[in-house]
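Number of protein chains: 2
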Amino acid sequence: MAIEGVTDHLPGRRRDGHAPVGRRQARHDILFEPVEIGPKVLKNRFYGVPYNPGFGPGKPHANLSHRAVQAEGGWAAVCTGVLSVAPDFEANRLVETCWDDSDAPVLRMMVERVHEHDALAGLEIGHAGAEALNRDSRWVPVGPSQVPGWRRQGIVPKEMTREDIERLQREFVRAATTGAELGFDILVVYGSFSYLQAQFLSPYYNRRTDEYGGSLENRARFWLELLQAVRDAVGDRCAISNRMAVAGLAPMGITLEESLQFIEMADELVDLWDVNIGADWARDTASSRFFPEGHQLAWTGRVREATSKPIVGVGRLNDPDTMADLVRSGAWDLIGAARPRIADPFLPRKIEAGEYDEVAECTGSNLCVYAYTHGHVACVQNPTAGEEYRRGWHPERVPRVRDAEADVLVVGAGPAGLECALTLMRRGVRRVHVVDANEELGGHLRWMTRLPRLGEWRRIVNHRQILLAKAKRRVTLVSGVVMDVDDILDYGADIVILATGSKWATTAIDPWTHEALPGADASSANVYTPEQILLEGKGPLGSDVVVYDTDGAFVGAAVAEALAGSGHRVRMVTPHSLVSPLSDDTMDGLYLRPALRECGISCMTGTTLSAVAGDHVRCETAGEFIDLPADATVLVTYRQSEDELYRQLRSRPEDLEANGIRAVHRAGDCVAPRILLDTVFDGHRLAREFDAGETPEVPLRPLPDRWR
Amino acid sequence: MAIEGVTDHLPGRRRDGHAPVGRRQARHDILFEPVEIGPKVLKNRFYGVPYNPGFGPGKPHANLSHRAVQAEGGWAAVCTGVLSVAPDFEANRLVETCWDDSDAPVLRMMVERVHEHDALAGLEIGHAGAEALNRDSRWVPVGPSQVPGWRRQGIVPKEMTREDIERLQREFVRAATTGAELGFDILVVYGSFSYLQAQFLSPYYNRRTDEYGGSLENRARFWLELLQAVRDAVGDRCAISNRMAVAGLAPMGITLEESLQFIEMADELVDLWDVNIGADWARDTASSRFFPEGHQLAWTGRVREATSKPIVGVGRLNDPDTMADLVRSGAWDLIGAARPRIADPFLPRKIEAGEYDEVAECTGSNLCVYAYTHGHVACVQNPTAGEEYRRGWHPERVPRVRDAEADVLVVGAGPAGLECALTLMRRGVRRVHVVDANEELGGHLRWMTRLPRLGEWRRIVNHRQILLAKAKRRVTLVSGVVMDVDDILDYGADIVILATGSKWATTAIDPWTHEALPGADASSANVYTPEQILLEGKGPLGSDVVVYDTDGAFVGAAVAEALAGSGHRVRMVTPHSLVSPLSDDTMDGLYLRPALRECGISCMTGTTLSAVAGDHVRCETAGEFIDLPADATVLVTYRQSEDELYRQLRSRPEDLEANGIRAVHRAGDCVAPRILLDTVFDGHRLAREFDAGETPEVPLRPLPDRWR
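Residue numbers (our numbering), protein chains in the order written: chain A, 58 to 765; chain B, 58 to 765.
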């Protein structure tokens with residue numbers, strides 16, 4: 058499997074001329090036992106539950122490559138995300154299709170690529186019913202009753218006729234038959250969250266008075282008939298997995314007790330119970346800001362009461378001890394994972410090889426959800442996620458550096474600098490020096506991860522710091538050293554990479570003119586940036602604090618919560634219509650806003666700052682000016698690149714040449730401040746591309762996997 | 058051009074065995090004069106300005122067919138929407154690409170299909186600079202300065218280096234050269250709104266201290282260099298159109314005076330000035346709720362002061378008198394159109410033929426923008442818009458009905474029923490009877506169009522009513538007749554189509570349990586639906602009125618405004634984070650919310666109703682309960698289908714057969730309530746498909762133009 062010119066750091070392989078770095082602990086052996094599910098056998102207990110990477114039917118190769126890498130990484134099964142069974146649940150980036158013969162080639166490729174790695178391939182089929190938007194196709198959404206959907210305010214479905222019920226059951230059977238014929242090992246009949254089967258089971262959505270509504274038996278009828286029909290159609294060609302939320306909390310109204318009864322009713326039709334919780338995705342893919350690992354166990358840990366069939370659950374599990382204990386407890390048979398599998402597709406192989414340090418642990422930041430919502434899957438821990446096909450990035454293999462004799466100096470050990478250095482090391486750069494001005498590495502994550510709820514994000518720094526520290530022969534980490542241009546010129550590096558990050562602006566600007574607002578100037582005693590408070594100890598802030606958050610991401614709310622925790626009376630002011638709108642993209646908003654209220658923080662949305670005075674701020678909201686008491690004002694407005702070193706170096710080409718510096722690059726927030734996900738990505742990208750012969754800040758030619 | 062079995066109602070053709078229905082008025086002849094733009098000649102003054110239909114690079118045929126129909130409809134030029142010139146302005150549904158050789162085949166097809174109809178083909182090229190999201194590609198956005206974008210809060214661009222400036226100018230030239238080589242007649246260099254050239258011109262975005270920033274001359278430099286380079290590259294192979302917003306209002310800070318100076322500076326490089334206004338799209342594509350037709354003329358009408366080159370402007374112009382006057386005034390040479398061209402692609406040919414009644418006038422509802430934001434272009438007046446390719450719908454040609462002897466009864470003359478009847482008539486159905494229970498036709502548009510700001514929507518009814526009334530030989534409109542099931546059975550129809558619409562729910566439901574909220578019941582004296590107020594005259598409402606709007610579309614705000622106008626003290630309560638969030642999708646939100654405030658309406662967002670009592674309502678907001686005085690509560694919650702007639706008819710198959718009724722169908726809101734756009738669409742769809750041999754409520758097989 059060794060590829061010429063590629064640095065392979067696959068688990069268990071020798072590296073740096075040393076012996077394998079670890080050995081698996083015996084208590085984890087149970088994770089590598091095979092498990093039967095109906096007619097199929099999983100080679101171990103690591104189960105890749107369904108999710109959509111966000112490429113949709115338009116970019117099949119991107120989906121395929123993303124999944125194939127996971128099969129290679131040792132997962133016993135890798136499932137597709139949900140595929141629509143019928144055109145009235147329209148395809149989009151997050152929904153692929155299983156409608157007709159034209160879908161077959163892509164699905165067949167999926168089976169082949171997963172089988173190549175001795176893993177089972179799972180096909181998930183479903184229908185969103187009343188929650189289908191169908192804005193492209195313009196088909197009317199259908200549901201058990203004409204009750205307005207919860208998530209889709211304003212959309213009222215067509216009440217399904219008997220013909221609709223029969224039609225959609227037929228469509229499921231057709232999709233299942235296609236899956237079996239194409240060689241899928243597992244058919245995942247998707248009924249989680251608020252999808253169609255759950256809508257029938259839900260007493261909130263289902264108000265029918267015929268035999269499909271009313272009693273639990275009636276509400277279960279659609280789902281049971283569907284499972285029976287699928288079972289009849291595929292026989293023992295496939296294992297049938299039923300995916301469901303066993304606590305379909307409000308607004309579904311499906312209790313755990315009813316779910317367990319349903320499981321008993323359906324048990325003989327099912328080979329695997331794939332269980333989670335939530336009426337929607339936010340309770341399932343719960344972020345570390347509000348939920349610990351394994352929080353779903355309070356519900357999914359009770360499924361065993363209703364079945365002796367294999368069970369798989371999820372819960373952002375990273376720790377093999379927890380996983381092994383869970384299996385030993387009998388609660389689950391398989392460890393399901395989506396986010397930890399994105400963070401480290403090679404998780405099973407690394408645990409198998411005992412290379413525990415190599416595991417990139419999921420931070421639970423849910424930045425993957427943000428990425429997925431706006432584009433496609435990405436990961437703050439794994440910058441190759443979503444780039445497997447179009448950029449050809451593999452999480453464990455990097456191309457060997459062209460000139461292994463070139464020594465590289467990386468200035469700045471924040472998320473971009475650390476990722477860049479790690480990837481340079483993996484590419485075989487002879488010597489990588491990382492120099493940071495601060496005693497503690499991590500860049501802005503030093504202080505950010507000390508804010509409330511953001512502690513697990515520290516894994517981004519820790520993971521890289523540990524691996525770099527282990528690579529002593531080639532990597533040197535230098536902390537607490539401030540470098541100026543002459544220091545860099547004198548350092549002796551062949552290549553200099555600046556990853557000097559960004560800082561919060563010391564001003565608030567008018568949203569129209571971009572002019573600084575009167576008094577909003579953090580060089581004043583009563584105005585602060587987050588860094589001034591958390592790093593520089595500027596203070597005291599006084600009693601009343603206004604946090605002005607135009608950023609709308611994580612820092613504003615976390616700073617407010619920290620200040621409230623230390624006794625300040627905090628008011629958040631934001632021009633957004635919601636506090637921290639980005640929290641909704643990481644599925645935290647639902648929990649964050651009540652949490653802020655519980656801390657006594659008042660929030661003024663839709664409000665812009667007009668001026669900061671000595672003891673108050675003036676704001677404009679809904680056309681009126683109001684004053685708020687403010688002993689201190691914290692500006693969480695926008696960040697600005699720290700690019701002075703870069704500018705100075707680039708302005709001295711002769712000195713660079715005289716000192717043997719062949720190239721100066723920059724990566725991460727010092728190019729332009731961006732979301733952490735993209736900061737890490739950019740550090741990785743630069744390390745891969747700096748010797749590719751093009752200016753790394755400039756796009757290469759169009760990426761492949763375009764729509765046509 | 059006649060196609061067997063297709064009913065052709067192209068302008069000027071004979072129809073119904075009669076002579077052409079109209080003759081052009083001489084005062085409109087000026088609209089059909091040819092106009093020179095640089096090396097090219099436009100055959101008339103109808104100019105199809107650039108816009109993206111929303112299919113992106115993934116569905117090229119859908120884009121092409123949408124545009125080809127417009128060329129067929131008589132427009133002298135049809136332009137593409139903006140094509141990205143470089144990968145760091147990423148492609149999406151709303152941005153096609155002109156990056157490399159792989160783009161050529163689609164672009165060549167565009168030229169061919171437009172040339173087929175003797176129209177000129179325009180290629181629009183651009184770069185969004187600091188406003189590029191690049192969430193898929195993950196390239197860093199670039200801008201003249203590191204100033205946070207206005208529309209994209211949280212995105213701070215990379216400040217463009219000299220290399221970036223040269224690179225992007227080269228990319229424009231490359232794209233322009235490609236366009237010239239492929240045979241495009243017009244190159245539209247796009248600089249409107251907040252795109253890259255405007256960012257350089259803007260003193261707000263451009264804070265540079267080099268020769269590209271500061272004085273107007275410096276800020277204009279990037280744009281002028283770019284135009285010069287494009288001119289040098291294409292010579293006189295193409296006309297060069299410069300598209301710009303001449304009043305780049307806040308937040309661009311580009312004044313009309315500076316724009317006119319820029320036009321003088323660039324005049325020799327440009328063959329056509331394509332001018333509009335606005336810092337973003339909302340001031341340009343202004344909705345009829347807040348702006349009259351032609352409102353841009355206050356700015357674009359002054360461009361003539363700076364140039365003698367041809368000028369094209371836009372302004373939702375439907376009326377040929379206004380158009381001709383405008384040309385005669387010398388203000389513009391060409392009548393540009395986007396929305397009126399979507400509403401009626403055959404506008405020029407219809408005016409040319411004097412078929413004024415046939416013109417489907419744009420309502421300015423901006424539902425096209427809603428559609429485009431969420432999927433792709435669509436139009437409430439032209440249900441074929443966006444369906445030209447995948448559904449094969451032509452705005453002026455429909456397939457002849459299979460059985461022309463079948464008489465069709467349409468029950469309900471709302472938007473779906475009228476559109477259905479009109480299309481049935483066009484398909485050649487022998488007799489169409491439309492029966493409505495009310496004296497006035499229009500369904501819910503009867504009362505909705507009497508609400509503030511919604512008057513122009515009446516065009517939806519008027520257009521259809523006029524055409525149906527003209528077709529007396531085959532269409533009968535019956536108003537004020539309430540039909541029950543027996544009436545329908547006895548009517549003598551072969552086919553019955555129910556288009557009975559929907560009604561506002563008389564309850565407000567809990568968002569979680571879907572249970573009715575205590576007291577929120579419009580059968581009480583103090584609780585109202587919109588229809589009860591506007592149609593039934595229920596009242597008096599008393600002094601304090603709460604409008605509870607969970608719908609979030611148009612009716613809630615319009616009812617509130619109407620009530621405030623008649624002296625009530627109105628409070629709007631909505632669970633949405635903004636009042637009327639859908640208004641943002643039609644670009645009204647920015648104007649609507651201040652307008653409501655000016656009427657004295659207070660708005661509580663993020664607030665749910667808990668209960669309605671005699672003189673107050675109880676609401677929950679941010680975890681707290683508060684009471685609001687309410688003599689009356691208006692529920693604008695959700696609509697429910699009026700499907701009782703349908704259910705009854707379907708339950709009596711023997712009676713149907715006995716009465717010779719071969720089929721019963723339904724269309725529009727009586728299937729499921731939906732946005733007006735889709736209501737009209739569904740009426741049209743049913744009329745096209747009712748005899749296609751499939752159940753019309755069920756999706757046909759997948760539509761073509763899938764992503765692969």
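Glycine included, C-beta positions come from ideal geometry on N, C-alpha and C.
Checklist entry - Which chain B residues are close to GLY183 of chain A, counting only those with a beta carbon under 8 Å from its beta carbon? => result Listed along the chain, the chain B residues whose CB falls inside 8 Å of the CB of GLY183 of chain A amount to none; the nearest CB is some 16 Å away.
Next on the checklist: I'd like to confirm the pairing. Which residues does DSSP put opposite MET629 of chain B in its beta bridges?
Outcome noted: B:VAL604 and B:CYS660
Next on the checklist: Along the stretch 184 to 197 of chain A, where does the CB come closer than 7 Å to a CB of chain B? Name the residues.
Outcome noted: Cβ contacts with chain B: ARG192, ASP193, SER194, ARG195, TRP196 and VAL197.
Checklist entry - Can you pull the DSSP bridge partners for ASN333 of chain A? => result A:ALA302
Next on the checklist: Please tell me whether TRP569 of chain A has its Cβ less than 9 Å away from any Cβ of chain B.
Outcome noted: yes
Checklist entry - Does DSSP put CYS727 of chain B in a helix, a strand or coil? => result helix
Checklist entry - Under 9 Å, do GLN254 of chain A and VAL246 of chain A count as touching if we go by C-beta distance? => result yes
Checklist entry - Can you tell me where the alpha helix (DSSP H) with ILE320 of chain A in it begins and where it stops? => result 313 to 323
Next on the checklist: I need the DSSP call for PHE766 of chain B, collapsed to helix, strand or coil.
Outcome noted: This structure leaves residue 766 of chain B out entirely; chain B is present only between 58 and 765.
Next on the checklist: Quick check: ASP460 of chain A and ASP551 of chain A, are their CB atoms within less than 9 Å of each other?
Outcome noted: yes
Checklist entry - Roughly how many angstroms lie between the CA atoms of LEU225 of chain B and PRO91 of chain A, to the nearest whole one? => result 56 Å
Item to check | 4 or more residues per run - each alpha helix (DSSP H) lying fully within the stretch 338 to 406 of chain A | outcome: As far as the stretch 338 to 406 of chain A is concerned, its whole alpha helix (DSSP H) runs of at least 4 residues are 338 to 341, 354 to 357, 377 to 386 and 396 to 400.
Checklist entry - Shorter than 9 Å from the beta carbon of TYR695 of chain B to some beta carbon of chain A? => result The C-beta of TYR695 of chain B comes closer than 9 Å to at least one C-beta of chain A.
Next on the checklist: Assuming contact is defined by CB atoms lying nearer than 9 Å, are MET540 of chain A and LEU702 of chain A in contact in what I supplied?
Outcome noted: yes
Checklist entry - Thinking just about the alpha-carbon of each residue, which of A:HIS520, A:ASP145 and A:GLU181 is nearest to the one in ARG192 of chain A? => result A:ASP145
Checklist entry - Relative to the C-alpha of ARG288 of chain A, which residue among A:LEU391, A:LEU326, A:ALA161 and A:ASP242 is closest? => result A:LEU326
Next on the checklist: Counting only Cβ pairs nearer than 7 Å, list the residues of chain B close to HIS433 of chain A.
Outcome noted: Residues of chain B passing the Cβ test: ASP193.
Item to check | Members of the stretch 210 to 223 of chain B that neighbour chain A once the beta carbon cut-off is set at 9 Å | outcome: GLN210, GLY211, ILE212, VAL213, PRO214, LYS215, GLU216, THR218, GLU220 and ASP221
Checklist entry - Per DSSP, which one or two residues make a beta bridge with TRP561 of chain B? => result Answer is B:ARG696, bridged to TRP561 of chain B.
Checklist entry - Do you know offhand how far VAL755 of chain A's Cα is from GLY270 of chain B's? => result Their Cα atoms are separated by approximately 22 Å.
Checklist entry - How big is the Cα-Cα spacing for VAL737 of chain B and ILE87 of chain B? => result 35 Å
Item to check | Per DSSP, cross-strand counterpart(s) of VAL434 of chain B | outcome: When beta bridges are read from the DSSP output, VAL434 of chain B appears opposite no residue.
Next on the checklist: What would DSSP say about ARG118 of chain A, mapped onto helix, strand or coil?
Outcome noted: The amino acid occupying residue 118 of chain A in the given sequence is His; Arg does not appear at that position. Assignment of HIS118 of chain A by DSSP, reduced to helix, strand and coil, places it in the helix class.
Checklist entry - Is the CB-CB distance between VAL636 of chain B and LEU649 of chain B below 9 Å? => result Closer than 9 Å, so yes.
Checklist entry - How big is the Cα-Cα spacing for ARG742 of chain B and VAL455 of chain B? => result 11 Å
Item to check | DSSP three-state assignment for GLU274 of chain A, whether helix, strand or coil | outcome: helix
Checklist entry - Can a CB atom of chain B be found closer than 9 Å to the CB of GLN203 of chain A? => result yes
Checklist entry - Apart from the five residues just before and just after ALA679 of chain A, which ones in its own chain have a Cβ nearer than 7 Å to its Cβ? => result Contacts found: GLY663.
Item to check | Beta-carbon contacts of GLY74 of chain A that lie in its chain and below 7 Å, excluding the five residues immediately before and after | outcome: Its pLDDT being 40, under 50, GLY74 of chain A is placed unreliably by the model, and the measurement read from it follows with that caveat. Correct list: empty, nothing qualifies.
Item to check | Within the stretch 510 to 595 of chain B, ranges of the alpha helix (DSSP H) (whole runs, at least 4 residues) | outcome: Whole alpha helix (DSSP H) segments, 4+ residues: 516 to 527, 542 to 547 and 587 to 591.
Checklist entry - Counting along the chain, where does the beta strand (DSSP E) carrying VAL92 of chain B start and finish? => result 92 to 94
Checklist entry - Alpha carbon to alpha carbon, what distance is there between LEU374 of chain B and ALA233 of chain B? => result 30 Å
Next on the checklist: Alpha carbons only, please: which of A:MET661, A:ALA610, A:HIS625 and A:PRO710 is nearest the one belonging to SER634 of chain B?
Outcome noted: A:MET661
Next on the checklist: The alpha helix (DSSP H) that contains TYR703 of chain A, what's its start and end?
Outcome noted: 701 to 707
Item to check | Within chain B, the residues that VAL269 of chain A reaches when beta carbons sit closer than 7 Å | outcome: The residue asked about is misnamed: residue 269 of chain A is Tyr in this sequence, not Val. Within chain B, no C-beta atom comes less than 7 Å from the C-beta of TYR269 of chain A; the nearest is roughly 16 Å away.
Next on the checklist: Going by DSSP in three states, GLY671 of chain B sits in which element: helix, strand or coil?
Outcome noted: The answer is coil: DSSP assigns GLY671 of chain B none of H, G, I, E or B.
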